[in-house]
Each structure stands twice: as C-alpha cells, then as structure tokens.
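These notes are about the structure you will find just below.
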Amino acid sequence: MTDRPVLVLASGSPRRVALLEQVGITPDRLMPADIDETPGRRELPRTLARRLARTKAEVAARRLEALGAEGDHLVLSADTVVAVGRRILPKAESFAEAEECLALLSGRTHRVFTAVCLLTARGVRERLVDTRVRFKRLSGEEMADYLASGEWQGKAGGYAVQGRAGAFVVRLIGSYHAVVGLPLFETVGLLDGAGYPARATWPNAAI
C-alpha cells in the first residue's frame, strides 16, 4: 500500500521500535523528542505519563512542520511512569537512584502507567494503560547483582522487566508490553482508527 500515512515515532527507544516490529510495523522515521520530564508539584503518576507522551508528540510534530514535511503524517509517542502509591520513581541515571528504586519495589506491588499518544491531521488520540506489578522480596545479594549488571540505566523505576528483573516479578496484572514501554493492543487500535494499515505486512492480510 503506497498511499498510507507516514508513521513517525517520537522516540529513539530501541525497545519501542522492537515492539512495533514484533507486530509487523516499522516506523518510517524516528524523531526523539528531548523534553523536561520533571514531574509537576503534586502531579499524579497517570497525569504525568499522559502529559509527557502528548508533549513528545507535539514536539516531534513541530519539528516536522519546521522541516517542511509534506503529506499525511501520524506522530506516535509514549511514556512510562513507575509509581509506588503517589510517589513517582525516576528513570534511574545513577547507581544510588537505582538502588533506592529497588529498595522501594522489593516485596511490594507498584503500578506502571504507560500513555500512548497519536497525533493525526484530524486531532489527538490517546490511551493510558495501568499495570500492577509485584516484586519478590529482594535479598541484598540479588539487589547487588542486579545493580552490577547496569541494566537499570535510564529505565523507569530502575529496572527492565524484559531483562534480568523479570526474575523478580511475582505477579503482573495488566499489559506486559506496556511495562516494557509500548502497549501493543492499544497502539495498534489507535493506528487502525487513524487509517494506518497496521497489519499490512502480515501474510495474506486483507488490507
């Protein structure tokens, strides 16, 4: 199909690209949006996730406009926020941050909010996915080994569920893919609704 909209992913995350490719979708363009992700005073985790996802999409859309991009473009973005109660955990950038996150998550249930935003010529489409994840009680050795792996770097809540931290998950209620970074069911639904042939590459797809 040659007249489909151009899909722009407002992210440079290899995880999100891989998740899209898992369902046969390859973005035409990657346009990471560098924004301030600091939570507002008393901002709720779900509100933050929605705000960041929408802001990323808007920043990418403005860049496309400044570049003089022509044709029908869809701008897709997402953001993931990990929270214990109302406390928003950082995207760990230091050993100390990651250590504090793991200590908070150990033996507790936390929530992962992933917001997806799709900007189209006709407006904005959004979804928010709320997933509950329970960690086992981590021993000092388990925490030290995970921290030494470096896998936590840049990850919301200081862990990557698709990696070694998967061994810590006792229970997950909601969307596994949302915890990784992009809820596939909701994302494909948004693209379908915007007229993007999300299943065009599937064998014998009737599109």
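Be aware that the sequence shown starts at -6, since it is given in my numbering, and climbs by one per residue.
Just so you know, even glycine gets a beta-carbon here, dropped at the ideal spot from N, CA and C.
Given the structure is predicted, the values throughout are model-derived calculations rather than measurements.
Exercise. To the nearest angstrom, report how far apart Cys110 and Val74 are at their CA atoms.
Key: Near 14 Å, if we compare the C-alpha coordinates of Val74 and Cys110.
Exercise. Would you mind sorting Arg44 into buried or exposed? The rule is 16 or more other CB atoms within 10 Å of its CB.
Key: If you draw a 10 Å sphere on the C-beta of Arg44, you find 16 or more other C-beta atoms in it, and that means buried.
Practice problem: Go through the region 87 to 122 residue by residue and report every complete run of the beta strand (DSSP E) that reaches 3 residues or more, in order. | Solution: The region 87 to 122 contains these whole beta strand (DSSP E) runs: 102 to 113.
Exercise. Could you say which of Val(-1), Leu60 and Val16 lies nearest to Pro196 if we only look at CA atoms?
Key: For the residues Val(-1), Leu60 and Val16, the minimum Cα distance to Pro196 belongs to Val16.
Quiz item: Buried or exposed: Ser70, going by 16 or more other Cβ atoms within 10 Å of its Cβ?
Solution: Under the 10 Å beta carbon count, Ser70 is surrounded by 16 or more other beta carbons and is classified as buried.
Self-check item: Stretch-stretch touch, CB-based, cutoff 8 Å, three pairs: the region 133 to 141 with the region 168 to 179
Solution: With the cut-off at 8 Å, the region 133 to 141 and the region 168 to 179 do not touch.
Quiz item: Arg125 bridges to which residues according to DSSP?
Solution: The partner list for Arg125 (beta bridge, DSSP) reads Arg104 and Ile166.
Quiz item: What distance in whole Å lies between the Cβ atoms of Val173 and Gln146, which are believed to be in contact at a cut-off of 8 Å?
Solution: With a Cβ gap of about 16 Å, Gln146 and Val173 do not count as contacting.
Quiz prompt | Start and end residues, alpha helix (DSSP H) containing Asp138 | solution = Unbroken alpha helix (DSSP H) run through Asp138: Gly133 to Ser142.
Practice problem: Go ahead and pull the three-state DSSP assignment for Met(-6). | Solution: Since pLDDT at Met(-6) reaches only 45, below the 50 mark, its modelled position is unreliable, and the value read off the structure follows with that caveat. Secondary structure of Met(-6) (DSSP, three-state): coil.
Self-check item: Beta-carbon proximity of Pro176 to Thr113, cut-off 8 Å
Solution: Not closer than 8 Å, so no.
Quiz item: If you follow the beta strand (DSSP E) that Leu2 is part of, which residue opens it and which one closes it?
Solution: For Leu2, the enclosing beta strand (DSSP E) begins and ends at Val(-1) to Leu2.
Quiz item: Is the Cβ-Cβ distance between Val1 and Pro32 less than 8 Å?
Solution: Cβ distance not < 8 Å, so Val1 and Pro32 don't count as in contact.
Quiz item: Are the Cβ atoms of Leu23 and Tyr189 separated by less than 8 Å?
Solution: No.
Quiz item: By how many angstroms is the C-alpha of Ser4 removed from the C-alpha of Ala193?
Solution: Here the alpha carbons of Ser4 and Ala193 stand approximately 23 Å from one another.
Quiz item: Among Thr40, Lys148, Leu41 and Leu184, which residue has its Cα nearest to the Cα of Val117?
Solution: Closest option to Val117, Cα to Cα, is Leu184.
Quiz item: In whole angstroms, what separates the C-alpha of Arg157 from that of Met136?
Solution: The alpha-carbon atoms of Arg157 and Met136 are separated by roughly 11 Å.
Quiz item: With distances taken between CB atoms, is the gap from Ala50 to Gly151 smaller than 8 Å?
Solution: Between Ala50 and Gly151, the CB-CB gap reaches or exceeds 8 Å.
Quiz item: Taking the Cβ atom as the reference point for each residue, do Glu104 and Arg125 lie within a distance shorter than 8 Å?
Solution: Checking the sequence, you will find Arg at residue 104 rather than Glu. Here Arg104 is near Arg125, since their CB atoms are less than 8 Å apart.
Quiz item: When we look at the beta-carbon of Asp(-4) and count the other beta-carbons within 10 Å, is it buried (16 or more) or exposed?
Solution: Asp(-4) comes out exposed.
Exercise. Tell me whether Thr102 is buried or exposed, calling it buried when 16 or more other Cβ atoms sit within 10 Å of its Cβ.
Key: Thr102 comes out exposed.
Quiz item: Terminal residues of the continuous alpha helix (DSSP H) containing Ala54?
Solution: First-last of the alpha helix (DSSP H) with Ala54: Pro38 to Ala59.
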